[in-house]
Structure formats: structure tokens, C-alpha cells
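A.B. asks:
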Amino acid sequence: MVYYTFKRSGKNRYLVLRWKKRINGVPTIVKEISVGTAENLAKMLEDSMENIMLKSYSAGSALASLYMDKALGLRDIVNNAMGHKGNGMSPGDYLLLFIMNRLSEPCSKNSIGKWMKRNYASIIFPEASSQDFWNIMDRFADKNIKNIMDRVRDRIMEMGYNTGDIFFDASNMYTFMEENSIAKKGHNKKHRYDLNQVSYYIASTYDYIPLYGEAYPGNIHDSRTFENIVKNIPEDSTLIFDRGYNSKDNIDMISNRRYIGALKQSDNHSIMEINVKEDSYIELIRNVYGKDHRIILYHSKSLETRKKNKFMKHLAKVMVKAKKIIDSGDSDSMEKARIYLESEHLNETILLPSLEIDGERMEYRISMMGKNAIFTNIIDKDAESIVELYKKRARVEHCFRTINAKGIAFPLNHWTPQKIKVHMFFSLMAYLFLALIYNEIHRNSKTASLISTIDYLKDININYAIKGKIVTTKIECKSDIAVLIKDTMEFEKLAKY
């Protein structure tokens, strides 16, 4: 161990550094250096700080992106697909720079330069500019994006990630741009019905990794994108999907594949009204969507509780607003209240003009809340396994929540359909890198979540002390998970000194 002490020489005290270790069990001083008087120490410290320039960069997202690029080979895939030749920054470089930004402090392309001044990305890509970013985006055509997505999907499979079960769903994002071939009015998730929106889907593995994804016009119903989704998923994967994709044509399309879906309650009253004991299930064979299917009708008390609590809160809000409409005194207030209740699907539960609750209808609605009916063509799995697998569909929903929570794709600061498609493609690649980084960490620690991974990346800085030609570098980690990330992804080797 190292410690300091003082020695006296006459009237003066001298600071001394000593190294001590045990020799044959006895603490022994093995080294001693005299620092000198307090005046000498002060002079040493003052001299050592002269002409030293200190710099610090946020580095977690940049170094983690470099590490994952070495594993995935995204830059090479992009440059090959784009036919890039020559010097300077390549399309793959700019995509990687976009990823670094989205996993750090998402900003517009025009603000990239400002962000880079405080991020390690500026050391990796010193030649980057906002204008070049725009120019590079113009080079990505639909065929290039498709080619890259195909190669990335194949590479993910080569890396050994489990693609046996694929969960897919769709979401959307509003945009302030005027209507065009991709920005359209639709049922917006954020209830911004006054704005146009862009829709996109993600086909995810169990590990949150997006095997495929694409943007499409905001007014196209999810079920109409089914064919395009399915053809991009490996044929031996089990398809797990939301009710929005249910249709006879879609089920016919996948009749030779393994799939799991859920029935719409409103379209299958005869099945949903069958009694099922609390937290149990029954199995049936029924013809749905033109084919005989294995039906697993199950009840979940926890599902019932969640749905009931959510419904009662919603019911209370609707009652207040409906009363406000009626009390407005408008000549057509009752008609407005009726239209409002229909829009909230409560016109049969809340009776007008009294605003009383129909007890029988209410009891029926609550009796349906804990039930779910799954349909499948899989016969070699037990019912419990199929139910649990369908419940895991929430994992693709978590992909969307992460993208929204961390601003990976939003806002859409673009004004042409082509640039919006490229932006959504870039954003999907950024989310892919986040999922890959999360999985890399998760092998060694279960503490980090998909969403918190970005926060832990922000805990990592690179600090430089520069004196003349001598540069001293230190990677600083502000949390234990940050240290784990640094060591797991070999940041010391990746960093340029």
C-alpha cells in the first residue's frame, strides 16, 4: 500500500511517500520518496498545470456503436449496397454517426455539428457536416434500403440470435409536413388527428432485436401490410401477431407456416361467452377465418383487474364530459352527447338522457375483461406454452415504447417522402444498435433495461490532458454498469489515443 507521512529535519517538516507491503508476514517499508516542503509541493503542482489543455467528451454511445459495428458490419453492408467508392466519409459512416447521435442526445441534422463538439464522435468523424448529411440521405433509394435491410437481417441470423419466434406489430408517428405519398391522416397513437402521420412496423425477436421493419403511408390499415411483413421473416419462424392483422386473406397467406394470433371479442361472441374458471383455460376447435383452428380460451385475474381499473377511470372521464355537453344548453346537445358516447364505445353502457349505467351491459363488459381467445395452427405445444408465447408479444410493444421514450425517431424534421423513409430507416438501425448493445450487457448483468441502457451510456466520458505533444487519456465511468459496458465492449482498445 502507498501512504504519506512527514519527517522532520531541524525546524522543517518534509512530506514523504512510502510504499509498504508484508514480507514474511511483517509490514515492511520497501520504497520511500521525499517530496520536500510544502513550498516544494506547491511549486510542483503549479508547474505541472501550466500549458495543459483539458478536454472531455461524452463517449458511451460513440464507442458502443463502434463496437457493435465491428460485430454487425453495418458500415460495410451499407457501403457495399450503395456502391460507395473513393475517399472521405461514406454513406455507412454517416449512418453510424446518426446512430451515435440517436443513442446520445437526438437532434436535427442541422444541429449535428453543435452536438459533435462535446461528443467523442467528433474524434471519429472530424470531417462530418450537416450539409453532407442531407446529401448522403438523398442517395438512399427504396431499393438500397431494401437491400441493406435484407443483408442486416441475414447477418443478425448469422450472429446466432434466436429467430424461432418473431413478434410483429405496427405504430405511427405524426409529422407537421403536408400530405404526400407517405404522410397521411390516420388513427394516430398520440391522438394528433389534426396532423398527418407515418406508419411503420417492427418484426422483433424475443430479445427485442428488430429483424426487419419498414415505414409506409399513414392511412394504410395494418392488415394490408401483412404480406410485405411476412415475406421478410424467415419461413421457419413462428409468427406472433396482433388482432389488427386478422383477416381470411392473411391467414390463407400463412397457412403453411406456424402462427399464433388472438380473436377479436366483438367478432366472436359465441366463443367469448363460454364460461372459463378464474385463471384457467379451455381448448376448442373452431372454424375462424375460413379454417379450423385450435382455440385456447383463457381467463386471467390480473388481466381482468388491469382492464377493469383502466375502464372505470375512462368511464368516469366520459361521464363528466357527457354531462358537460348536455348541460351546455345547446339545442343539439343531446345529439352531440350521443355521438360522443358512440365515439367512446359507451353508448350502450351509459344511457341518455339520464346518464345512468345499464347494469346488465356493465356486468357483461366486466365479465369479458379477463378473457382472451388465442387461435393457432400449432399442435405440438401445450396450451400454457402457447398462451405464454402470445403474452410475449408485448416485447415488440416495448420496442415502440423505447423508440418513443428516447426520441430515437421523433421528431420527423423532413419535408419529402424520400427523406422521411430514409430517416425512419436510419432510426430503425439506431434502435437495432441499442437492442444489440442491451443484449451484450444483459449477458453479464440483469440490472440494465432496454430503456436505461442509453442512460448508462451517458455515464461514460473520455477525458484528455494535453501538454505539448504529450496526451494523457482516461475513460471515466460514473456507474458500475458503465464500467461493465466499458470492459465488455473493450472501450480501451476502441478509443483513439
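Using UniProt numbering, read the sequence shown as starting at 1 and increasing by one per residue. Glycine included, each C-beta is placed from N, C-alpha and C at the ideal position.
#1: Ser-445: buried (16+ other C-beta within 10 angstroms of its C-beta) or exposed?
#2: For Lys-324, which residues in the same chain have their Cβ closer than 6 Å to its Cβ, ignoring the five residues on either side in sequence?
#3: Could you say which of Ala-42, Leu-15 and Leu-63 lies nearest to Tyr-456 if we only look at CA atoms?
#4: I need the boundaries of the alpha helix (DSSP H) containing residue 503, first residue and last residue.
#5: Determine the DSSP secondary structure at Asn-372, reduced to helix, strand or coil.
#6: Taking only runs of the beta strand (DSSP E) that begin and end inside the stretch 230 to 288, which ones reach a length of at least 3 residues, in chain order?
#7: In or out: Phe-6 buried (at least 16 other Cβ within 10 Å) or exposed?
#8: Taking 7 Å as the limit between beta carbons, can you name the residues of its chain near Tyr-497, skipping five residues before and five after?
#9: Ignore the nearest five residues each way along the sequence and tell me which others in Arg-338's own chain have a CB closer than 8 Å to its CB.
#10: May I ask you to list the residues that DSSP assigns as paired with Ala-170?
#11: Going straight from the alpha carbon of Thr-205 to that of Leu-434, what length do you get?
#12: Going by beta-carbon coordinates alone, are Gly-290 and Lys-248 separated by less than 7 Å?
#13: Assuming Leu-15 is part of the beta strand (DSSP E), what are its boundary residues?
#14: Are there 16 or more other CB atoms within 10 angstroms of the CB of Ile-306, so buried, or fewer, so exposed?
#15: Would you report the Cα separation of Leu-389 and Asn-232, rounded to the nearest angstrom?
#16: Nearest to Val-396 by alpha carbon, out of Glu-283, Lys-381, Asn-80 and Pro-210?
#17: Using a Cβ-Cβ cutoff of less than 8 Å, which residues in the same chain neighbour Asp-292 once the five nearest sequence positions on both sides are dropped?
#18: Put Tyr-456 into one of helix, strand or coil per three-state DSSP.
#19: Of the residues Glu-39, Glu-105 and Gly-261, which one's Cα is nearest the Cα of Ile-408?
#20: Span of the alpha helix (DSSP H) holding Asp-487?
#21: Assess, as a yes-or-no matter, whether the stretch 133 to 142 is touched by the stretch 163 to 180 under the definition of 3 or more beta carbon pairs within less than 8 Å.
#22: Just the C-alpha distance for Asn-463 and Lys-21, rounded to the nearest angstrom, thanks.
#23: Does Gly-86 pass the burial test, meaning 16 or more other C-beta atoms within 10 Å, or should it be called exposed?
C.D. replies: Concretely, from the data shown:
#1: Position 445 of the sequence shown holds residue 445. Classification of Ser-445: exposed, given that the 10 Å Cβ count is below 16.
#2: Walking along the sequence shown from the start, residue 324 turns up at place 324. For Lys-324, where only same-chain residues beyond five positions count, there are no Cβ hits under 6 Å.
#3: Along the sequence shown, one-based indexing puts residue 456 at 456. Among Ala-42, Leu-15 and Leu-63, the Cα nearest to that of Tyr-456 is on Leu-63.
#4: This structure cannot speak to residue 503, because the chain is shown only from 1 to 497.
#5: As a working mapping, residue 372 is identified with position 372 in the sequence shown. Of the three classes helix, strand and coil, the one that applies to Asn-372 here is strand, per DSSP.
#6: 238 to 241, 259 to 262 and 281 to 288
#7: Here residue 6 is taken as the residue at index 6 of the sequence shown, counted from 1. Exposed, since its Cβ has fewer than 16 Cβ neighbours within 10 Å.
#8: The sequence position of residue 497 within the sequence shown is 497, counting from 1. Low local confidence applies: a pLDDT of 44 at Tyr-497 is under 50, so the model's placement there is unreliable, with the coordinate-based value given in what follows. Same-chain partners within the cutoff: Val-471 and Thr-473.
#9: To locate residue 338, count along the sequence shown from 1; it is residue 338. Answer for Arg-338: Asn-347 and Leu-352, listed in chain order.
#10: For this step, residue 170 is matched to residue 170 along the sequence shown. Answer by DSSP bridge pairing, in chain order: Tyr-201.
#11: Position 205 of the sequence shown, counting from 1, holds the residue named residue 205. Position 434 of the sequence shown, counting from 1, holds the residue named residue 434. Taking the straight line from one Cα to the other gives about 14 Å.
#12: Along the sequence shown, one-based indexing puts residue 290 at 290. Along the sequence shown, one-based indexing puts residue 248 at 248. Contact: yes.
#13: Taking the first residue of the sequence shown as position 1, residue 15 is located at position 15. Unbroken beta strand (DSSP E) run through Leu-15: 12 to 23.
#14: Position 306 of the sequence shown, counting from 1, holds the residue named residue 306. What sits at residue 306 in the sequence shown is Arg, not Ile. Classification for Arg-306: exposed.
#15: Translated into the one-based positions of the sequence shown, residue 389 becomes position 389. Translated into the one-based positions of the sequence shown, residue 232 becomes position 232. If I take the Cα positions, the gap works out to 21 Å.
#16: Taking the sequence shown and counting its residues from 1, the one referred to as residue 396 is at position 396. Cα-wise, what sits closest to Val-396 is Pro-210.
#17: Against the sequence shown, residue 292 aligns to sequence position 292. Ile-285 and Arg-286.
#18: The sequence position of residue 456 within the sequence shown is 456, counting from 1. It is helical.
#19: Within the sequence shown, the letter at position 408 stands for residue 408. It is Glu-105.
#20: The sequence position of residue 487 within the sequence shown is 487, counting from 1. Counting along the chain, the alpha helix (DSSP H) containing Asp-487 begins and ends at 480 to 488.
#21: no
#22: For this step, residue 463 is matched to residue 463 along the sequence shown. For this step, residue 21 is matched to residue 21 along the sequence shown. Approximately 32 Å, taken between the alpha carbons.
#23: What you label residue 86 is simply residue 86 of the sequence shown in a count that begins at 1. It is exposed - the Cβ of Gly-86 has fewer than 16 other Cβ atoms within 10 Å.
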